[in-house]
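Chains as they are written, first to last, in my numbering: chain H, 26 to 461; chain P, 182 to 910. Positions of the beta carbon are idealized from the N, C-alpha and C atoms, including for glycine. All remarks here apply to the structure that follows.
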Amino acid sequence: MDFQVVVMAGGYSKNLVPLVSQEMPKPLLPVANRPVLSYVLELLEASNLKDLIVVVEGEDVALRVGGWISGAYVDRLHVEVAAVPEEVGTAGALRAVAHHLTAKDILVVSGDLVSDVPPGAVAATHRRLDAAVTALLCITPVSGPSESVSSVGKDKGRKLPRANIVGLDHTRQYLLHVAAGAEVGKDIKIQKSILRANDQMEIRADLMDAHMYAFQRTILQEVLDQKEMFHSIKHDVFPYLVRTQLRSEISDKGAPKNGLNGVDYTLNGSEPASEILTNRTHKCCAYIANKSKYCSRLNSVQAFCDINRDVVGEAGHLSGYSFSAQNNIVHPSAELGSKTTVGPQCMLDEGSKLGDKCSVKRSVIGRHCRIGSNVKIFNSVVMNHVTIEDGCFIQGSVICNNAQLQERVVLKDCQVGAGYVLTVGSEYKSEPLSKK
Amino acid sequence: MAQKKTHRTSSDDPEELTRTVLQAVLLADSFAQKFRPITLERPKVLLPLVNAPMIEYTLAWLESVGVEEVFVFCCAHSQQVKSYLENSQWTKQPGAFSVTTIESHDAISAGDALRVIYTHGIIRGDFILISGDTVSNMSLAKALSEHKDRRKKDPLAIMTMVIKHSKPSALTHQTRLGNDEIIMAIDPGTKELLYYEDKVDLSQHLISLDKMLLADKSALSLHNDKQDCYIDICSPEVLSLFTDNFDYQHLRRHFVKGLLIDDIMGYKIFTHEIQSSYAARVDNFRSYDTISKDILQRWTYPFVPDVQYLGNGLQIKLDREGIYKAPEVVQSRSAHIDSFTVLGNATTVGDNAVISNSVIGQGCTIGHNVTIEGSYIWDNVKIEDGCKLSHALVCDGVHLRAGVVLEPGVILSFKVEVGQQIVVPAYSKVSLLPQPSKQDSDEELEYADANTGIIESPSIATMMNAQKVDFPTSDADRSGTSEFYVSGAGYIWSSCEGGNEDEWRHSIAPIPADKLSESLLNAFADVDAPDQDTSCIPASGELLPDSASTVGDGEDYRDSADFEKEVEATFQRALAGVDLENVILEINSLRLSYHMSHADCAGALFHSIMKAALVPSYSSKNDLYANAVKEIIKWSDLLKHYLKTLDEEIEVILKFEEISVETAREFSPLFSNILSCLYDKEILSEEAILSWAQEKEGADESDKIFTKQSEQFIKWLREASEEEDGDND
């Protein structure tokens, strides 16, 4: 297909503290007990995109992620894991791996994407429209994870939409305007020249940028070379390409026309109008995913909870497991005590044990957890090797590997870091708890 | 017209039990001057459009869509309009369709007109607001029922605007009707109008939409390809809104924009887009030309010359290739009439004349070997042999002598005569009436008293000379006409505001190629211009040049900088001799408008004073010091006005520090001297200086330069105050 894929897998994301740790970088965070990165990799594999570069932040993360990938995908994918320093941004990461890029088009995917939108469709749209860049846009889920990173599900009272402002042409194929919600001030500013060139523009506030972009390699590399300041693909490179679509400074052939900066494009008056007008444009396109498709990014603690819940629930087909008649997934080796119930949309993995009279609803429980009697777990994620003693009550929380909850601990909307111990009878509400 | 009456009466809303009469308000005054000089003598609505007065098209359409009561508002030349209507079929015929005139002489805008209509209290329900120069054949039933349905659900939906697809040219930014491009934002679901910008400012590269527009909806569509038809279905509230907001003048610029911005009342405007039917308004000469052609090409059917609707009682015949001929045309065998041409009744065409794409009125005489192309010749025009007319508009009674050439875009008003072999330059406007001077630049007026403000005749003469026009015009004093009469009669009007520059935009003549290529280059400038500002901004996640600077501290800073500039400008005026009291008044108003404190005023003022001290040349420090002292003494009264409290005095010292470090380093060696001078002149109190020194004690070393410099002075002050304290004890 002559497509190369760059997966931006990240490292120790600050937004996900305390869920991430030395042992558990962001790409390996479990979603229904599988690393989140596996969802992207399998999605790409399904579209026959097997030539991948996975970019992670930091050497140790690269080792961990590389180890996992080579184990899991040894003869399925051709994956190279590249480490880049932290804080170089996604654009910097692309620059770092630029010498590996040779294909005609590059697909850049965020490693935290959990979706069933086929990347092949995005790639095909990109080719079909001969675009400089094609972005995957998803219709924002009504109550799903919010686009904004900082807010943890509490911005319901907020009046203004934080979603992106996206301008499309009337066929909804071409992208005419993008602005991230947080960057838009009081007014939405639209370039008149782009509106004029397209007659009309549909401005949408309900589309989420899924961080999957197909770029023409030559154009991408030219932008990266010329604009050294550019830090992020979403915030710099992509908006820049959309903004300059009518006065393209990059040539389709990849060779800059006028030296390095290309800004001082001199106009030859004798050239016929149409030729100049068409020559100076590049196309920015959008692939808008069908409403029924699932598309979320794991970029906040709230999103982590939501995605885990969705993957064992309404978007169950993503998990790759088969559901039981009770609409849940209980590993055969899991042990349940008497009068213990595991509700629908739950997952209980290998070797975990539950005591008597427990109740689990809409939660994911990892491997080899030991859970005592009279424990209630609702709307939560419990990772591997967690010990929960009798009478605990856990709601809306995340409990990381090897954590220990002693008797009668009550947690509401908390995150318990790896290996953390909660003493008898302690109660917490809406707090991140982890070792310093 | 009887044929259309019958099928209309049945279309009334069946659900409406109390049937209201559908009313219309027809503005028989455009409140614009685009058709001058013609409109000095005849109101625009009575000007012939393909040999029928424009108002006929509008009235005929209103009748065809089931309107039963029309109020014709006349202002300019109201007598002419009234007498025309009295003699027309509209008032004579009995039946459901009634035409009533309302007259006002002091209305200068559509807003005024609607206020007058409101005071008459004649509008009882939804009505159609239309201007008397609109040509349309759309069916109103759907728009009307949409409007009524919306009204039932939401009483705030007070207006429905009719729009039509029309893409403005990318080069000239105007539609084929010669209107400026319009940018509209419309809710794709409800068709609510959210944003309206006509007279799009080309220098502005960005459209600003309020983010709140998207607060309760997920999408809106922005259109650059719509044309406003100026046909509005209004609810009675519209009239009262005009009355409440007495400053609304223009229907679009004030009323529509006013409603869209105002979110307190929450009134909503909706749009209705027509697809296949026709609606356009004769707004300028270019639209006159375009609409005439549309009528000839039958886009406006049934309102075309050969259908009996306009009461001219003549059986006009349509030949092949769109040639319309009235019965009594006398045409030479050798004359060649080309496609899309109308020949009016009793017109004679001489040998070898060539007429194409033109409209010729009644009773015209066209001589031999005349060429007429794309022109509009009204009634009783005499064109002698060998004339050449291209894209000209020639009014009633004009006499062109042999060999006259009218270049594209020429307008000849009533009864103008042009002498032999004269070439009238492109875009000239010639009238028997002299041009009123531009002293009342109130462009909203269609008519003006011909007696007031006439440009001095020499100016016409000089203009003529300057242009080297070989076209003598009659002088203002009619005594000397005989001499000029041989060659012609009329004044060449100098082009109105905007200059010759924009004449081509709204002219009948097609846009010349050189203008097109010129605007092509401009179009590139347009696209390129924002290049600089977008490429020079730091690429740190911003999107648009000013999105970042309008938030947070940036704005604050800019405001205060602006404020300082304003104060300085005011101060400059004070230097130029404006009264001190007025300066204080001005600064106070600036303070209020920028939300500044007295301290800011004092600081800014002090800054200006010190700047003024830098203006005279100085050779040494001592000179500069002397200058500064002089300025300080001179303005001490003004300054003291703002130094009422300690805080303000401290602000002045801080400001002084700031300027000595940043803008005017010349003062830094003189800091302590000037400080003591300020103290001597009782501008600053010792308390202020001491508390400033105290404040600075804890500061960085770099901040302490000036306290150190003034150490002695401060020490002296301290001792003095201690002594004083001691005395008091």
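- For Ser347 of chain P, not one C-beta of chain H is nearer than 8 Å to its own C-beta.
- Residue state for Cys410 of chain P is assigned as strand, using DSSP reduced to three classes.
- Burial of Ala108 of chain H is indicated by the presence of at least 16 other C-beta atoms within 10 angstroms of its C-beta.
- For Glu502 of chain P, no alpha helix (DSSP H) encloses it, and the DSSP letter there is neither H nor E.
- Per the coordinates, the alpha-carbon of Leu240 of chain P lies some 17 Å from the alpha-carbon of Ile472 of chain P.
- Ala359 of chain H and Leu41 of chain H have their alpha carbons spaced roughly 29 Å apart.
- The C-alpha of Leu499 of chain P is placed about 31 Å away from the C-alpha of Thr220 of chain P.
- The alpha-carbon of Ala294 of chain P is positioned some 15 Å away from that of Val262 of chain P.
- Close CB contacts of Asp487 of chain P within its chain, under the 7 Å cut and outside five residues either way in sequence, are with Ile497, Lys498, Leu499, Tyr505 (chain order).
- The Cβ atoms of Leu154 of chain H and Gln198 of chain H lie closer than 8 Å to each other.
- A straight-line Cα-Cα distance of about 16 Å links Leu266 of chain H and Lys214 of chain H.
- Contact of Arg229 of chain H with chain P by beta-carbon distance below 7 Å involves Ser399, Ala400.
- Taking the Cα of Ile870 of chain P as reference, the smallest distance to any Cα among P:Ile895, P:Phe852, P:Pro850 is reached at P:Ile895.
- Close to Leu220 of chain H, with beta-carbon spacing below 8 Å, are these residues of chain P in chain order: Ile364, Ile388, Leu403, Asn405.
- Nearest CB-CB separation between Pro693 of chain P and chain H: not below the 8 Å threshold.
- Per DSSP, the continuous alpha helix (DSSP H) segment holding Ser857 of chain P begins and ends at 852-861.
- Membership of Arg462 of chain P in the beta strand (DSSP E) is indicated by the continuous run 460-462.
- Pro369 of chain P has a beta carbon lying within less than 8 Å of a beta carbon in chain H.
- Residue-level contact check: Asp224 of chain H touches chain P, since one or more beta carbons of chain P fall below 8 Å from its beta carbon.
- For secondary structure counted as the beta strand (DSSP E) over 3 or more consecutive residues, the segment 389-461 of chain H holds these complete runs in sequence order: 401-403, 418-420, 435-437, 452-454.
- Between the segment 417-437 of chain P and the segment 352-361 of chain P, the count of C-beta pairs closer than 8 Å stays below three; the two stretches do not touch.
- Taking all protein chains in view, the Cβ of Pro218 of chain P is crowded by 16 or more other Cβ atoms within 10 Å, so the residue is classified as buried.
- Contact between Ile236 of chain P and Gly313 of chain P is confirmed by a C-beta separation of about 5 Å, below the 8 Å threshold.
- When secondary structure is reduced to three states using DSSP, Asp818 of chain P falls in the helix class.
- Using a CB distance below 9 Å, no part of the segment 33-55 of chain H faces chain P.
- Contact between Gly292 of chain P and Tyr429 of chain P holds: their C-beta atoms lie close to 4 Å from each other, under 8 Å.
- The CB of Ile258 of chain H never comes closer than 9 Å to any CB in chain P; the least such distance is about 11 Å.
- Counting the other CB atoms within 10 Å of its CB gives Asn73 of chain H a total below 16, which places it among the exposed residues.
- In this structure the segment 237-250 of chain H lies against the segment 128-139 of chain H, because at least three pairs of beta carbons, one per stretch, are closer than 8 Å.
- The DSSP assignment places complete beta strand (DSSP E) segments of no fewer than 3 residues inside the segment 528-603 of chain P at 535-537, 552-554, 569-571, in order along the chain.
- By a beta-carbon distance limit of 8 Å, Ala780 of chain P does not contact Glu838 of chain P. Their separation comes to about 14 Å.
- Using a Cβ-Cβ cut-off of 9 Å, Ile213 of chain H is close to Ile388, Ser389, Leu390, Asp391, Lys392, Leu394, Leu395 of chain P, given in chain order.
- For Lys217 of chain H, the nearest beta carbon of chain P is closer than 8 Å to its own beta carbon.
- Annotation for Asp391 of chain P: the continuous beta strand (DSSP E) segment containing it runs 387-391.
- By a beta-carbon distance limit of 8 Å, Leu203 of chain P contacts Glu249 of chain P. Their separation comes to about 6 Å.
- At the C-beta level, Gln543 of chain P and Thr522 of chain P stay beyond 8 Å of one another.
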